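K.L.:
Protein chains in written order, with our numbering: chain F, 935 to 1093; chain U, 348 to 470.
Attaching a single structure in structure tokens format; questions to follow.
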Amino acid sequence: MNRSLVIVMGALALCVTLFGGSYLAGQRLCQVCVVEPPGGLGWLQKAFHLSVAETARIQKLHNNYLAQCSVTCRMVADKKQEVATALNGTTSLNPLVEQKLAELADCRAHCESQMLQYFTEVSQNMPPAQGRRYLAEMQKFALGLPEGSQQSVSEPAGQ
Amino acid sequence: MHHPGDGQKPPPPIESVKENMNPDDTKLSALLRQGRVSPTLPPRFQENVWRRIEDAEAPVLSAPGLSWLDALAALVLRPRFALLTAAALVVAGALLGARAGNLAANQAAHAQYLTAVAPPVMR
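The structure is reproduced here in structure tokens:
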């Protein structure tokens, strides 16, 4: 094999190794450094340029909402279980199943209402422009509109 | 050949020459030293000799199209070029990796927030 070819191929392999190694090292290091503790609002603060005072107010709202949310979640899970029990062994929707489904729907509606109320309150504790942007994106998310909102929240244009 | 009667002076007898060959004769030694010719070497003589040796030992290129590859190999083997390239690759890789890591961490934090405010059981 030609000596020059071996040298060039070896240099290329070395280049790929160097670039790949430093890329992975940089990526890992950055992920470790930027990782957010559970329950923290670092992402919200960064994405919506919040001050420390705004973040503290929103953190309080967030904690209250999470407490309510866990209760509602438990209710939804219980209603799901009741629907499953009512459906057990039946081949048609009997009145009991319909009743349990209605109760489950009520729980979900309550949950969505609670969530939208939380989003509204959070947006009111942000600077007006950021609040509008936050509320629009969160409403899209809550109503299950197409994704893509996540990207626009993460990388606001012209901010 | 010297013949008697050709007008030239005959050489001295051998005994007389032997008498004159005195190794301690400083005058004669100086004359002999002056008479020795020492040719001057052309400029870069030694360098040219080594280059010719290296050219003779180098493999003959069978294909003329390989010259660019040889030039590239020679460039790669230059220490300064190799060092600068390696440094540039490490810096570029680290910066791009950090950017990708930051983006991934940001997306993970975003997903974490959404999961907190809207647990899957509610959807």
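Glycine included, C-beta positions come from ideal geometry on N, C-alpha and C.
Only a predicted model underlies this, so the values are computations on that prediction, with no experimental measurement involved.
(1) At least one CB of chain U closer than 9 Å to the CB of R991 of chain F: is that the case?
(2) Of the residues that make up the stretch 956-982 of chain F, which ones have a beta carbon closer than 9 Å to any beta carbon in chain U?
(3) Can you tell me which of F:L984, F:V1056, F:L1050 and F:C1041 puts its alpha carbon nearest to the alpha carbon of A1011 of chain F?
(4) Please state if the CB of F953 of chain F and the CB of G440 of chain U are separated by a distance shorter than 9 Å.
(5) Give me the residue from U:T462, U:R446, U:L461 and U:V423 with the minimum Cα distance to Q961 of chain F.
(6) Three Cβ pairs or more, each shorter than 8 Å: is that satisfied between the stretch 968-977 of chain F and the stretch 451-466 of chain U?
(7) Entirely within the stretch 1006-1064 of chain F and at least 4 residues each: give me those alpha helix (DSSP H) ranges in chain order.
(8) Going by the CB atoms, is the gap between V1017 of chain F and L1035 of chain F shorter than 9 Å?
(9) Look at the alpha carbon of L436 of chain U and the alpha carbon of S956 of chain F, and state the distance between them as a whole number of angstroms.
(10) Evaluate the contact criterion for the stretch 986-1002 of chain F versus the stretch 1048-1068 of chain F: three or more CB pairs, one atom per stretch, below 8 Å.
(11) Which two residues bound the contiguous alpha helix (DSSP H) that contains F428 of chain U?
(12) Please decide whether A403 of chain U counts as near chain F, where near means a Cβ-Cβ distance under 9 Å.
(13) Would you list, in chain order, the members of the stretch 1016-1037 of chain F that have their beta-carbon closer than 7 Å to a beta-carbon of chain A?
(14) If we define contact as Cβ-Cβ less than 9 Å, is L431 of chain U a contact residue for chain F?
(15) Taking A456 of chain U as the reference, which of F:A981, F:N936, F:G944 and F:V950 has the closest Cα?
(16) Tell me the rounded alpha-carbon separation between W486 of chain U and A403 of chain U.
(17) Use the C-beta contact count for C964 of chain F: other C-beta atoms within 10 angstroms, 16 or more gives buried, fewer gives exposed.
(18) For the alpha helix (DSSP H) holding S385 of chain U, just list the boundary residues, first then last.
(19) From which residue to which residue does the alpha helix (DSSP H) around F982 of chain F run?
P.N.:
A quick look at the data gives this:
(1) Look at R991 of chain F: its C-beta is not under 9 Å from any C-beta on chain U.
(2) Residues of the stretch 956-982 of chain F with a C-beta less than 9 Å from any C-beta of chain U: S956, Y957, L958, A959, G960, Q961, R962, L963, C964, Q965, V966, C967, V968, V969, E970, P972, G973, G974, L975, G976, W977, L978, K980 and A981, listed in chain order.
(3) Comparing Cα positions, the closest option is F:C1041.
(4) Yes, the pair counts as a contact, with Cβ atoms nearer than the cut-off.
(5) Here the closest residue by C-alpha is U:R446.
(6) Short answer: they touch.
(7) 1029-1058, all fully within the stretch 1006-1064 of chain F.
(8) Pairing L1035 of chain F with V1017 of chain F gives a Cβ-Cβ distance under 9 Å.
(9) S956 of chain F has its alpha-carbon roughly 8 Å from the corresponding atom of L436 of chain U.
(10) Inter-segment contact for the stretch 986-1002 of chain F and the stretch 1048-1068 of chain F is present: three or more beta-carbon pairs are separated by less than 8 Å.
(11) Where F428 of chain U is concerned, the enclosing alpha helix (DSSP H) stretches over P426 to V464.
(12) Chain F, which has no Cβ nearer than 9 Å to the Cβ of A403 of chain U, makes this no.
(13) Note that chain A does not occur in the displayed structure, where the protein chains are F and U.
(14) Nearest CB-CB separation between L431 of chain U and chain F: not below the 9 Å threshold.
(15) Checking every option, the nearest Cα to that of A456 of chain U belongs to F:A981.
(16) No answer is possible for residue 486 of chain U: the residues shown for chain U start at 348 and end at 470.
(17) The C-beta of C964 of chain F has 16 or more other C-beta atoms within 10 Å across all chains shown, which makes the residue buried.
(18) Where S385 of chain U is concerned, there is no enclosing alpha helix (DSSP H), given that its DSSP letter is neither H nor E.
(19) Run containing F982 of chain F: none; DSSP gives neither H nor E here.
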